[in-house]
Amino acid sequence: MKTIIDSAVSTMVAWLEQGYGLCCSLSWGKDSTAVLVLMLEAMKRAKAAGVTLPECFAITSDTTIENPALDAYFEHMAGELEMFCAREGLPMAYHQVSPPLSATFHYVTVGRGKLPRYPGMSRDCSVDWKIEPIIKAKKALAKEAGHQIISLVGTRFSESEEREQRMTERGDEAGKILTNPDGDLYATPIADWDEVDVWTLLQKCDQRMGRQLVTSFTQHFDLLVLLYKDANGGCVSGMADKQLNSSACGARFGCWACVATGDRDKSLQAMIANDRGTYGYLEPIARLRDWLFGIRWDMSRREWLGRSVDQETGYIVLQPDYFNFLTRRDLLRFMLTIDADECAWADEHNDGFPRFQLIKPWQLVIIDFIWSVYRDARHAFGALYEYHNIMNCGRRYYPPSTLPTQQVKIPSRRWFKPPEGIAPPHGIGGLTDPAHIYAMQHAGIEAPTITDRLTGKEKPILSFESSQEMAIDRTAALEWLEHFISNPIAIDCTGEDPAEAIKFYLHNRIVTISKGQPASLDEIIQRAEFWQRLQRQLGVMDIQAYALEHSITDDEHNAIKGNFPVEFQLDLFREYAA
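Using our numbering, the first residue of the sequence shown is number -2, and each one after it goes up by one.
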């Protein structure tokens, strides 16, 4: 064991001597932890040899929906790491990054209704929530540090046949500096290690033994071993002294809302079953996750109303590819109920400190904002109203214990031609608010303008604060939520239009948007307003049912499109626009 440790460490020492900074990509699992141990040992040995160390880094990504038990472990280990580096005088900075606000689960799924990544679907969530934020952070750190950085990753050939194939295709090789397609440098120090090697290294760091091979940032890794043991039904393979069952360890930790693993999260369920006293509080989360998996094929929970218009025919596409509002509201209610029950437990047993929070105030506010943009809720501040009913009024909502719906064929898309004359009123709609703009002009403030994507004309809009990407003022969000639930507005809001929430969040700078985002938001709002305007003018209870009943098939639409005269091309949202 000492031989393979020294081989990996000496290679890293050589890179440090050459002026490369090292950056460990951390998931806090066994493999990335092993790489971190090796990197720190290399820094210690290089420093002892008189090498001037370049700044090094450890980066992890918080997806915002981590398993609460793991979240607590991550926080503990991060504290241990930072204290160790300060004590040893090692120039290493720990960074925790998060996905962009508009890519988070709360925004994308609870807010907008995008389906989570079910089995057989692409894993773009791992790219959006982990890979891209870490890559972005590394580029910024390298630019700031002024020297090249080698990313150290804990991938191993022996993990699986699929992993071996991908690593081989990339040309991965232990001990070499590699280059990814973006030109970034990376290395795979434990590529040739097996699982036994990884666990043995971590065990040989145990400082209680008095003869550890490596003195690392924590006295021992018992907590990590326990997590794997509990998540794998009581076994962890490869322990050097055979103190635990040596069956293959299949534990895989992930986000609590991950449904890509199938009908059950085996690791989460194993943790609960193996030690209910420690992990029993995760049971409501497991039930919620199973409900989310179970509704995959329930087409009654899908939104059909589209936003895309065929520019030639004026038909709007209808397809059930997102969760509808009632499903998103159910999901929010279930999450808030779990939080409320956890708060009640904390008040009684833990001095008011909950062990987790599925929806933080700033996440609730961004859900509220996007619900308002798409005009999903019937009134302003719909998400905050749900919070008020659950936290203040004591309402509770629990996911039903039902078997997953049977797989069905996804209905084919259809096309709807709206009646003529359903045009947006001139001068209002979208991000345009005449009263607000007039008040700005009266105060001598010039209103910002955008090019309306539906009319092609310039128009003034609400004032807003721009940032590099969509962001939220977390302190202001908390203050607003506390004010909301403590005042009559929690009831009065039921009589206000959803647009009032958009104006409030933008005007008070609680939500800031990127410079290119207003035109997109304006278009989304106008199209959502169109469906509501159409429903009122037709006098129907269910506009989605009406649109489907009066729609045509894809083949019928293609036939119309092939024969449609160019001079009669129609854009629904430009009709009658001034």
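Glycine included, each C-beta is placed from N, C-alpha and C at the ideal position.
Model, not experiment: these values are computed from the prediction.
Backbone CA spacing between A487 and F481 [nearest angstrom]: Residue 487 sits at position 490 when you count from the first residue of the sequence shown. Residue 481 sits at position 484 when you count from the first residue of the sequence shown. Near 6 angstroms, if we compare the C-alpha coordinates of F481 and A487.
query: Hey, would you say S409 sits closer than 9 angstroms to Y502, going by beta carbons?
result: Counted from its first residue, the sequence shown places residue 409 at position 412. Counted from its first residue, the sequence shown places residue 502 at position 505. No; because the gap between Cβ atoms is not below 9 angstroms, this pair is not in contact.
query: Relative to the C-alpha of E38, which residue among I62, G86, A436 is closest?
result: Along the sequence shown, one-based indexing puts residue 38 at 41. E38 has its Cα closest to that of G86, out of I62, G86, A436.
Residue range of the beta strand (DSSP E) that includes V370: Residue numbering aside, residue 370 sits at position 373 when the sequence shown is read from its first letter. Where V370 is concerned, there is no enclosing beta strand (DSSP E), although the alpha helix (DSSP H) around it starts and stops at 358 to 370.
field: Own chain, CB closer than 8 angstroms to L475, minus 5 neighbours either side, in chain order
entry: Mapped onto the sequence shown, residue 475 falls at position 478. Counting only residues of its own chain and dropping the five nearest sequence neighbours on each side, L475 has a CB closer than 8 angstroms to the CB of P358, W359.
query: Pick from Q209, G349, E466: whose alpha carbon is nearest that of S99?
result: Taking the sequence shown and counting its residues from 1, the one referred to as residue 99 is at position 102. Selected option, being the one with the closest Cα: E466.
field: Local conformation of R120 per DSSP, three classes
entry: Stepping through the sequence shown from its first residue, residue 120 is reached at position 123. Taken through DSSP and simplified to helix, strand or coil, R120 comes out as coil.
query: Taking the runs of the beta strand (DSSP E) that are 3 residues or longer, which of them lie wholly in the region 241 to 315?
result: The DSSP assignment places complete beta strand (DSSP E) segments of no fewer than 3 residues inside the region 241 to 315 at 299 to 306, in order along the chain.
query: Should the region 331 to 338 be called in touch with the region 41 to 54, which here means at least 3 C-beta pairs below 8 angstroms?
result: Flag = no, the region 331 to 338 and the region 41 to 54 do not touch.
- prompt: In the region 402 to 485, which residue ranges form an unbroken alpha helix (DSSP H) of at least 4 residues, counting only runs that do not cross its ends?
  reply: Runs of the alpha helix (DSSP H) inside the region 402 to 485: 431 to 439, 471 to 482.
message: Using a Cβ-Cβ cutoff of less than 7 angstroms, which residues in the same chain neighbour D290 once the five nearest sequence positions on both sides are dropped?
response: Counted from its first residue, the sequence shown places residue 290 at position 293. In the sequence on display, residue 290 carries Phe and not Asp. V256, D260, P401, listed in sequence order.
- request: Would you kindly report the start and end of the unbroken beta strand (DSSP E) that includes L182?
  value: Position 185 of the sequence shown holds residue 182. Unbroken beta strand (DSSP E) run through L182: 182 to 184.
message: Within the continuous beta strand (DSSP E) that includes S398, where are the two ends?
response: By 1-based counting over the sequence shown, the position of residue 398 is 401. Where S398 is concerned, there is no enclosing beta strand (DSSP E), given that its DSSP letter is neither H nor E.
message: In this structure, how does DSSP classify D318 when only helix, strand and coil are distinguished?
response: Translated into the one-based positions of the sequence shown, residue 318 becomes position 321. The three-state secondary structure of D318, taken from DSSP, is strand.
field: Buried/exposed call for T165, threshold 16 Cβ in 10 Å
entry: Taking the first residue of the sequence shown as 1, we reach residue 165 at position 168. For T165, the number of other beta carbons within 10 angstroms of its own is below 16, and it is reported as exposed.
Validate contact between the region 299 to 318 and the region 377 to 386 using beta carbons, cut 8 angstroms, 3 pairs: No, they do not touch.
message: Buried or exposed, going by whether 16 or more other CB atoms sit within 10 Å of the CB of Y435?
response: By one-based count along the sequence shown, residue 435 stands at place 438. Looking at its Cβ environment, which holds fewer than 16 other Cβ atoms inside 10 Å, Y435 is exposed.
- prompt: Cα separation between D519 and D430?
  reply: Working through the sequence shown from its first residue, we reach residue 519 at position 522. Working through the sequence shown from its first residue, we reach residue 430 at position 433. Approximately 11 angstroms, taken between the alpha carbons.
message: Am I right that D191 and A377 are in contact with their C-beta atoms under 8 angstroms? What's the rounded C-beta distance?
response: Walking along the sequence shown from the start, residue 191 turns up at place 194. Walking along the sequence shown from the start, residue 377 turns up at place 380. The pair is not a contact, with the Cβ atoms about 58 angstroms apart (cut-off 8 angstroms).
field: Close-in-space but distant-in-sequence residues of the same chain around W528 (CB under 6 angstroms, 5 per side omitted)
entry: To locate residue 528, count along the sequence shown from 1; it is residue 531. L302, I540.
query: Going straight from the alpha carbon of L241 to that of Q200, what length do you get?
result: Taking the sequence shown and counting its residues from 1, one reaches residue 241 at position 244. Taking the sequence shown and counting its residues from 1, one reaches residue 200 at position 203. With a pLDDT of 38 at L241, under the threshold of 50, the modelled position of this residue cannot be trusted; read the value that follows with caution. Cα atoms of L241 and Q200: separation of roughly 12 angstroms, rounded to the nearest angstrom.
- prompt: Is it true that the region 388 to 406 meets the region 130 to 140, where meeting means three or more beta-carbon pairs spaced less than 8 angstroms apart?
  reply: Contact fails: fewer than three Cβ-Cβ distances are below 8 angstroms.
query: On the premise that V107 lies in contact with L428, defined as a C-beta separation below 8 angstroms, what is that separation, rounded to the nearest angstrom?
result: Sequence index remark: in the sequence shown, residue 428 carries index 431 (1-based). Sequence index remark: in the sequence shown, residue 107 carries index 110 (1-based). Going by Cβ atoms, the distance from L428 to V107 rounds to 23 angstroms, so no, they are not a contact pair.
field: Expected contact under 8 angstroms - CB spacing of V32 and C21 to nearest Å
entry: The residue labelled residue 32 in the question sits at position 35 within the sequence shown. The residue labelled residue 21 in the question sits at position 24 within the sequence shown. By a beta-carbon distance limit of 8 angstroms, V32 contacts C21. Their separation comes to about 6 angstroms.
task: Determine which residues share a DSSP beta bridge with F54 and list them.
output: Locating residue 54 in the sequence shown gives position 57, where the first residue counts as 1. Per DSSP, C20, A90.
- prompt: I think L23 touches A55, with their Cβ atoms under 8 angstroms apart; what is that distance to the nearest whole Å?
  reply: Numbered from its first residue, the sequence shown carries residue 23 at position 26. Numbered from its first residue, the sequence shown carries residue 55 at position 58. About 5 angstroms separates the beta carbon of L23 from that of A55, a gap short enough to meet the 8 angstroms contact definition.
E79 in three-state terms, based on DSSP: Numbered from 1 along the sequence shown, position 82 holds the residue referred to as residue 79. Reduced to three states, the DSSP call for E79 is helix.
- prompt: In the region 496 to 540, which residue ranges form an unbroken beta strand (DSSP E) of at least 3 residues, counting only runs that do not cross its ends?
  reply: At a cut-off of 3 residues, the continuous stretches assigned as beta strand (DSSP E) that sit fully inside the region 496 to 540 are 508 to 511.
Local Cβ density within 10 Å of R372, reported as buried at 16 or more and exposed below that: Working through the sequence shown from its first residue, we reach residue 372 at position 375. R372 should be labelled buried.
- request: Could you tell me the boundaries of the alpha helix (DSSP H) in which I132 lies?
  value: The residue labelled residue 132 in the question sits at position 135 within the sequence shown. First-last of the alpha helix (DSSP H) with I132: 129 to 142.
- prompt: Per DSSP, E63 is paired with what?
  reply: Against the sequence shown, residue 63 aligns to sequence position 66. Paired residue(s): C252.
message: Judging by CA-CA distance, which residue of S463, A228, S483, L315 is the nearest neighbour of C390?
response: If you number the sequence shown from 1, residue 390 lands on position 393. Closest option to C390, Cα to Cα, is S483.
query: On the three-state DSSP scale, how would you describe S213?
result: Here residue 213 is taken as the residue at index 216 of the sequence shown, counted from 1. Coil at S213, not helix or strand.
query: For L323 versus P415, is the C-beta distance shorter than 9 angstroms?
result: Sequence index remark: in the sequence shown, residue 323 carries index 326 (1-based). Sequence index remark: in the sequence shown, residue 415 carries index 418 (1-based). Their beta carbons are not under 9 angstroms apart, which means L323 does not touch P415 by this criterion.
message: In whole angstroms, give me the CA-to-CA distance for E572 and R450.
response: Position 575 of the sequence shown holds residue 572. Position 453 of the sequence shown holds residue 450. Residue confidence for E572 is low, a pLDDT of 45 falling below 50, so the modelled location carries little weight; the figure read from the coordinates is stated next. If you draw a straight line from the Cα of E572 to the Cα of R450, it comes to about 13 angstroms.
- prompt: If we count the other Cβ atoms within 10 Å of its Cβ and call it buried at 16 or more, is E564 buried or exposed?
  reply: Within the sequence shown, the letter at position 567 stands for residue 564. Annotation note: pLDDT 44 at E564 (below 50); position unreliable, coordinate value reported separately. Looking at its Cβ environment, which holds fewer than 16 other Cβ atoms inside 10 Å, E564 is exposed.
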